[in-house]
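In structure tokens, the structure reads:
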């Protein structure tokens with residue numbers, strides 16, 4: 001999960017160097033305050049199913065020779081997620097075991113009840129006694145938890161017909177607003193698709209999906225040939241081909257829930273004298289059903305790539 005809280009963690013790193021136990025006369029003891037706080041003030045949970053349980057860490061400033069239990073409440077006026085519908089709180093108290101400094105509040109997201117466009121969250125609060133309350137770190141007695149629906153990755157979501165829209169079309173493809181294309185999984189590379197006849201017939205583009213961070217579903221692309229300059233500009237420049245690459249300064253991503261990718265690429269012409277950069281363009285690709293693809297082809301409502309023309313026979 002994504003965690004945002006640095007001040008407290010810096011403090012705890014320092015304390016960890018000196019705090020060994022409390023109530024143990026035979027060992028050196030950290031003499032500072034003994035408090036229990038949330039490790040992070042913000043937690044973003046990527047909910048992919050109804051079974052996964054997430055841990056919201058709670059940290060003590062020092063270890064003790066006895067168990068410590070603190071109650072946890074949901075602050076209703078700071079929450080719009082509904083307990084029992086959008087999530088379940090697996091424990092309404094947290095226990096830090098003797099000799100330890102970390103415990104967890106456990107939350108289970110209810111995947112089936114969370115919509116992709118929902119903005120759901122809840123705020124937890126530790127109910128500590130006044131004597132154990134550290135006003136200096138008041139914000140860390142609360143933790144905001146965001147529930148974000150993340151549909152599991154499946155390469156087949158991005159297999160089939162899709163509608164391409166691009167700012168490149170506005171500049172270099174006269175009278176073209178959309179283009180029906182066809183994508184297929186790359187048989188040689190994992191989590192990669194081949195966009196057949198992407199902008200120009202005969203020229204494919206490969207796109208790779210990252211799956212290591214469900215909260216940041218990014219796409220990647222190696223430099224490759226985009227199209228001949230003659231097809232794009234009506235004449236030959238440089239070595240005769242436009243190349244494309246993904247700019248590092250812009251984020252390209254995908255959505256498994258909504259079946260689309262949003263991509264930036266930069267085009268340039270190798271071997272062209274002077275400024276060889278054509279420009280940087282934004283592209284949206286949205287996958288459609290076979291029935292929708294067939295209807296588009298039969299109606300002729302947009303440009304159809306060569307590989308997508310077989311949709312008329314579906």
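Residue numbers (the UniProt record's numbering): 1 to 314. Beta carbons are placed, not taken as given, at the ideal position from N, Cα and C, and that holds for glycine. In this text the structure is predicted, and so the values were computed from the model without any measurement.
Secondary structure of residue i, DSSP reduced to three states
i           : result
residue 220 : strand
residue 95  : strand
residue 140 : helix
residue 169 : helix
residue 69  : strand
residue 131 : Low confidence applies to residue 131: its pLDDT is 46, below 50, so where it sits in the model is not reliable enough to give any reading.
residue 291 : helix
residue 212 : coil
residue 318 : Within the shown structure, residues of the chain are numbered from 1 to 314, placing residue 318 beyond reach of any answer.
residue 297 : helix
residue 227 : strand
residue 307 : helix
residue 83  : strand
residue 55  : strand
residue 76  : helix
residue 286 : strand
Beta-carbon gap between residue i and residue j smaller than 8 Å
i           : j           : result
residue 114 : residue 147 : yes
residue 39  : residue 61  : no
residue 104 : residue 67  : no
residue 238 : residue 228 : no
residue 366 : residue 157 : No information on residue 366 is available, as it lies outside the stretch 1 to 314 that the chain covers here.
residue 208 : residue 194 : no
residue 225 : residue 203 : yes
residue 48  : residue 152 : yes
Whole-angstrom C-beta distance between residue j and residue i, which should lie under 8 Å
i           : j           : result
residue 290 : residue 160 : 7 Å
residue 330 : residue 297 : Since the displayed the chain opens at 1 and closes at 314, residue 330 lies outside it and no answer follows.
According to DSSP, residues forming a beta bridge with residue i
i           : result
residue 268 : 243 and 277
residue 149 : 47
Min CB distance residue i to chain C below 8 Å
i           : result
residue 300 : Although the question refers to chain C, the structure presented lacks it and comprises just one protein chain.
* Asked: Taking contact to mean at least 3 C-beta pairs separated by less than 8 Å, is the segment 247–265 in contact with the segment 185–192?
  -> no
Counting pairs of beta carbons, one from the segment 300–312 and one from the segment 262–271, are three or more of them closer than 8 Å?
-> Segments in contact, no.
| message | Does the segment 119–126 come into contact with the segment 144–158, if we say contact requires no fewer than three beta-carbon pairs (one atom in each stretch) closer than 8 Å? | response | yes
So, does the segment 67–87 touch the segment 170–180, judging by three or more C-beta pairs under 8 Å? no
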